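Visitor: Sequence lines, in order, name chains G and C. Following my numbering, the numbering of the first sequence begins with 6 at its first residue and continues without gaps. Following my numbering, the numbering of the second sequence begins with 6 at its first residue and continues without gaps. Right, I'll just put the structure down here and ask away after.
Number of protein chains: 2
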Amino acid sequence: MKARVHVMLKDGVLDPQGEAVRHALGSLGFEGVNGVRQGKVIELDLADGTTEDQIAAMCEKLLANTVIESYRIETL
Amino acid sequence: MKARVHVMLKDGVLDPQGEAVRHALGSLGFEGVNGVRQGKVIELDLADGTTEDQIAAMCEKLLANTVIESYRIETL
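This is the structure we're talking about:
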């Protein structure tokens with residue numbers, strides 16, 4: 006089975022990487038870009054029968070820093 | 006309007022970051038993780054009326070390195 010985990014910085018946490026992208030888009034002439042947030046997406050190829058609880062444990066222990074990041078699990 | 010851009014390394018391009026995550030998950034005792042690919046997700050807050058073509062241009066010019074990365078645009 007496959008699963009996709011989206012990890013984003015929580016609202017209110019400063020995102021300098023996203024801010025740099027926003028600035029660069031403006032410099033390239035793209036107008037109307039009001040905000041950019043950058044996160045990670047991790048595609049996992051897992052053994053069949055892996056539960057969502059196990060994937061959540063992977064997120065809590067390794068994939069996301071839950072102090073500043075939130076995660077969302079999507080099974081495919 | 007909001008849009009989300011997913012940027013992943015193309016198939017066949019070595020992903021050392023994903024490989025490191027796979028190895029780390031194994032070390033933490035998670036079994037059955039056969040493969041991990043890591044990519045980026047970029048959330049854009051755009052002016053209303055921005056077309057998908059304009060977002061694709063942002064991807065081609067800045068957000069993705071289309072030699073080794075593929076991108077997918079999702080408007081929300």
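From the three backbone atoms N, C-alpha and C, an ideal C-beta is built for every residue, glycine too. Keep in mind that this is a model prediction, so the values were computed, not measured.
In chain order, what residues of the same chain lie with their CB nearer than 7 Å to the CB of G/E48, ignoring the 5 residues before and after it?
Guide: Residue 48 of chain G sits at position 43 when you count from the first residue of the first sequence. Closer than 7 Å at Cβ, skipping near neighbours: K7, R9.
Visitor: What does the Cβ neighbour count give for G/G31, buried or exposed, with the cut at 16 atoms within 10 Å?
Guide: One-based indexing of the first sequence puts residue 31 of chain G at position 26. Exposed, because fewer than 16 other Cβ atoms sit within 10 Å of the Cβ of G/G31.
Visitor: Does any CB atom of chain G fall closer than 8 Å to the CB of C/L33?
Guide: Residue mapping note: residue 33 of chain C aligns to position 28 of the second sequence, counting from 1. True, the Cβ-Cβ gap to chain G drops below 8 Å.
Visitor: Please list the partners that G/D58 has in chain C, where partner means a Cβ-to-Cβ separation under 8 Å.
Guide: As a working mapping, residue 58 of chain G is identified with position 53 in the first sequence. Those do not exist, as G/D58 stays about 12 Å from chain C at its closest Cβ, beyond 8 Å.
Visitor: How big is the Cα-Cα spacing for C/L81 and G/Q43?
Guide: Taking the first residue of the second sequence as position 1, residue 81 of chain C is located at position 76. Taking the first residue of the first sequence as position 1, residue 43 of chain G is located at position 38. Those two C-alpha atoms are separated by around 16 Å.
Visitor: Mind listing the chain C neighbours of G/I78? Cutoff is C-beta to C-beta under 9 Å, in chain order.
Guide: Locating residue 78 of chain G in the first sequence gives position 73, counting from the first residue. Within chain C, no residue comes near G/I78; the closest Cβ sits about 14 Å away, beyond 9 Å.
Visitor: Taking Cβ to Cβ, would you say C/I73 is nearer than 8 Å to C/L14?
Guide: As a working mapping, residue 73 of chain C is identified with position 68 in the second sequence. As a working mapping, residue 14 of chain C is identified with position 9 in the second sequence. Result yes, Cβ atoms of C/I73 and C/L14 sit closer than 8 Å.
Visitor: Locate the alpha helix (DSSP H) running through G/L51, then write down its first and last residues.
Guide: For the purposes of this step, residue 51 of chain G is taken as residue 46 along the first sequence, with counting starting at 1. Premise fails: G/L51 lies in the beta strand (DSSP E), 38-51, not in any alpha helix (DSSP H).
Visitor: Between C/P21 and G/L68, what straight-line distance do the alpha-carbon atoms span, to the nearest angstrom?
Guide: One-based indexing of the second sequence puts residue 21 of chain C at position 16. One-based indexing of the first sequence puts residue 68 of chain G at position 63. Each residue's Cα considered, the two are about 15 Å apart.
Visitor: Which residues bound the alpha helix (DSSP H) around G/V18?
Guide: Locating residue 18 of chain G in the first sequence gives position 13, counting from the first residue. Counting along the chain, G/V18 falls outside any alpha helix (DSSP H), and DSSP gives it neither H nor E.
Visitor: Beta carbon of G/V41, beta carbon of G/R27: below 8 Å?
Guide: The sequence position of residue 41 of chain G within the first sequence is 36, counting from 1. The sequence position of residue 27 of chain G within the first sequence is 22, counting from 1. Going by C-beta atoms, G/V41 is nearer than 8 Å to G/R27.
Visitor: In this structure, how does DSSP classify G/V26 when only helix, strand and coil are distinguished?
Guide: Along the first sequence, one-based indexing puts residue 26 of chain G at 21. Helix, per DSSP.
Visitor: Take the Cβ of G/L19 as the centre, count every other Cβ of all protein chains shown within 10 Å, and call the residue buried at 16 or more, exposed below.
Guide: Counted from its first residue, the first sequence places residue 19 of chain G at position 14. Exposed, since its Cβ has fewer than 16 Cβ neighbours within 10 Å.
Visitor: From the DSSP output, in three-state form, read off G/M13 for me.
Guide: As a first step, residue 13 of chain G is located in the first sequence; it is residue number 8 there, counting from the start. Note: G/M13 maps to strand in three-state DSSP.
Visitor: Please report the distance separating the alpha-carbon of G/K45 from that of C/A61.
Guide: In the first sequence, the residue the question calls residue 45 of chain G occupies position 40. In the second sequence, the residue the question calls residue 61 of chain C occupies position 56. Each residue's Cα considered, the two are about 19 Å apart.
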